[in-house]
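Enquirer: Sequential numbering from 66 applies to the sequence shown in the numbering used here.
Using N, Cα and C, we set each Cβ at its ideal position, and we do this for glycine too.
First the structure, which I've put down as structure tokens, then a few questions once you've had a look.
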Amino acid sequence: MSIRPSLLAATALMAAAVCAGVHAADTQTENINVLERRTFSYSQIYARGILPRSTTHELRLTLAYFAGSSWQQDALLDIAGRAAGILAQCGVLVSQIEIARIDAPQHYHYFATLVSRELAFALQLPKPTAYFVSDTRQQPAFDAEAIGRGNSRTRPELADTVWITRTARDPGIVLAHELAHVLMDSGEHVEEPENLMRTRTTAENTRLSPAQCGRLRATGTGNGLLHPVKN
66 MSIRPSLLAA TALMAAAVCA GVHAADTQTE NINVLERRTF SYSQIYARGI
116 LPRSTTHELR LTLAYFAGSS WQQDALLDIA GRAAGILAQC GVLVSQIEIA
166 RIDAPQHYHY FATLVSRELA FALQLPKPTA YFVSDTRQQP AFDAEAIGRG
216 NSRTRPELAD TVWITRTARD PGIVLAHELA HVLMDSGEHV EEPENLMRTR
266 TTAENTRLSP AQCGRLRATG TGNGLLHPVK N
């Protein structure tokens, strides 16, 4: 069966467009680079948080921010220390944090599914990863988002990531809240007073129930994000 000339021409144009799109994406991701990676131990982290009284699991966390943005490394370490102190109630020790400073074109500084997938794919940072971005282009717009296994089937590159914008208030509590979503692999919120998983993250909402802690440890371990501590 022969292909009509018009169909052949259309097919050729379509193939050229696909190749051009792939080349453009490759060019974009070539401009994404890790400028610096620094690792901090638990003693440096908990200078800014409360050590767990009894540790059953450890968490190794990656934080990423953009060079030239208003986020700074020292501030991220303070935020992580606050989050670590909250997760301590579940027996989780944040044993290590790696902070990566990223150089990338400006549009990657904003959370949006397509470009953020490209960013995460290009960087291949250890997970869970918290990205500190300028803002979001998603609708509806949230100050922070967590993407676990359950809500990443159509965007697998974003699984086990957190995205926090500059507009987030109490970012240490926000980080703990979003990490809990990822570790529990659940987007559920509760109405229990003072609970971390209330819809609004405030200074008063930092508690996790025994059941929530149990789910966080079990699911986080099952997904390879938490590691049991050997006694």
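Kindly give me the distance between the Cβ atoms of Ser119 and Gly150, rounded to whole angstroms, as I take these residues to be in contact under 8 Å.
Expert: Numbered from its first residue, the sequence shown carries residue 119 at position 54. Numbered from its first residue, the sequence shown carries residue 150 at position 85. Actually they do not touch by this definition, with Cβ atoms about 15 Å apart.
Enquirer: Going along the chain, which residues of its own chain have a beta-carbon closer than 6 Å to the beta-carbon of Ile238, five neighbours each way excluded?
Expert: Against the sequence shown, residue 238 aligns to sequence position 173. Thr266, listed in sequence order.
Enquirer: Pick out the complete beta strand (DSSP E) segments inside the stretch 172–199, 3 residues or longer, and give them in chain order.
Expert: Correct list: 194–197.
Enquirer: Kindly list the residues whose CB is nearer than 7 Å to the CB of Pro236, restricted to its own chain and excluding five residues on each side of it in sequence; keep chain order.
Expert: Numbered from 1 along the sequence shown, position 171 holds the residue referred to as residue 236. Once the five neighbours on either side are set aside, the close Cβ partners of Pro236 are Ile144, Ile229.
Enquirer: Have a look at Tyr175, Leu116, Leu158, Ala129 and flag the residue whose alpha-carbon is nearest the alpha-carbon of Leu290.
Expert: Sequence index remark: in the sequence shown, residue 290 carries index 225 (1-based). Among Tyr175, Leu116, Leu158, Ala129, the Cα nearest to that of Leu290 is on Leu158.
Enquirer: Considering only the alpha carbon of each residue, which of Asn98, Glu123, Tyr111 lies closest to Val294?
Expert: Taking the sequence shown and counting its residues from 1, the one referred to as residue 294 is at position 229. Nearest C-alpha to Val294: Glu123.
Enquirer: Over the uninterrupted beta strand (DSSP E) stretch that includes Gln161, give me the two end residues.
Expert: Position 96 of the sequence shown, counted from the first residue, corresponds to residue 161. Run containing Gln161: 157–168, per the beta strand (DSSP E) assignment.
Enquirer: With 16 as the cutoff for other CB atoms within 10 Å, does Ser181 come out buried or exposed?
Expert: On the sequence shown, residue 181 is found 116 positions in, with the first residue counted as 1. It counts as buried.
Enquirer: Counting C-beta neighbours from all protein chains within 10 Å, is the total for Gln137 16 or more, i.e. buried, or is it exposed?
Expert: Working through the sequence shown from its first residue, we reach residue 137 at position 72. Looking at its Cβ environment, which holds fewer than 16 other Cβ atoms inside 10 Å, Gln137 is exposed.
Enquirer: Quick one, which of Phe105, Tyr107, Ala129, Thr286 has its alpha-carbon nearest Val99's?
Expert: Residue 99 sits at position 34 when you count from the first residue of the sequence shown. That would be Ala129, whose Cα lies nearest to the Cα of Val99.
Enquirer: Quickly, what does DSSP pair Val227 with across the bridge? List them, please.
Expert: Taking the first residue of the sequence shown as 1, we reach residue 227 at position 162. For Val227, which the question treats as bridged, DSSP gives the partners Ala195, Ala211.
Enquirer: Tell me which residue opens and which closes the alpha helix (DSSP H) that His254 is part of.
Expert: For this step, residue 254 is matched to residue 189 along the sequence shown. That residue, His254, is in no alpha helix (DSSP H); it is neither H nor E in DSSP.
Enquirer: With DSSP as the reference, identify every bridge partner of Ser106, one or two as the case may be.
Expert: By one-based count along the sequence shown, residue 106 stands at place 41. Per DSSP, Gln161.
Enquirer: Nearest-angstrom Cα distance between Ala89 and Glu95?
Expert: Locating residue 89 in the sequence shown gives position 24, where the first residue counts as 1. Locating residue 95 in the sequence shown gives position 30, where the first residue counts as 1. Confidence at Ala89 is low in this model, with a pLDDT of 43, below 50, so its placement is unreliable and no value can be given for it.
Enquirer: Quick check: the Cα distance between Thr121 and His242, rounded to an integer number of angstroms?
Expert: Here residue 121 refers to the residue found at position 56 when the sequence shown is read from its first residue. Here residue 242 refers to the residue found at position 177 when the sequence shown is read from its first residue. If I take the Cα positions, the gap works out to 20 Å.
Enquirer: Would DSSP call Thr284 helix, strand or coil?
Expert: In the sequence shown, residue 284 corresponds to position 219, counting from 1. Thr284 falls in the helix class under three-state DSSP.
Enquirer: What's the gap between the Cα of Arg166 and the Cα of Pro275?
Expert: Residue 166 sits at position 101 when you count from the first residue of the sequence shown. Residue 275 sits at position 210 when you count from the first residue of the sequence shown. Cα to Cα, Arg166 sits roughly 36 Å from Pro275.
Enquirer: Going straight from the alpha carbon of Glu210 to that of Ile162, what length do you get?
Expert: Within the sequence shown, the letter at position 145 stands for residue 210. Within the sequence shown, the letter at position 97 stands for residue 162. Those two C-alpha atoms are separated by around 20 Å.
Enquirer: Taking 9 Å as the threshold (C-beta atoms), are Glu222 and Phe186 in contact?
Expert: Counted from its first residue, the sequence shown places residue 186 at position 121. Counted from its first residue, the sequence shown places residue 222 at position 157. Yes. Within cutoff.
Enquirer: Locate the beta strand (DSSP E) running through Leu301, then write down its first and last residues.
Expert: For the chain, the structure presents residues 66 to 296; residue 301 sits outside this window and is missing.
Enquirer: If we call anything under 9 Å between Cβ atoms a contact, is Thr226 one with Val247?
Expert: Locating residue 226 in the sequence shown gives position 161, counting from the first residue. Locating residue 247 in the sequence shown gives position 182, counting from the first residue. It is a contact, given that the beta carbons lie within the stated cut-off.
Enquirer: Contact defined as beta carbons within less than 8 Å: I believe Arg231 pairs with Ser135. What is the distance between those atoms, to the nearest angstrom?
Expert: Sequence index remark: in the sequence shown, residue 231 carries index 166 (1-based). Sequence index remark: in the sequence shown, residue 135 carries index 70 (1-based). Their Cβ separation, rounded to whole angstroms, is 6 Å, which keeps Arg231 and Ser135 in contact under 8 Å.
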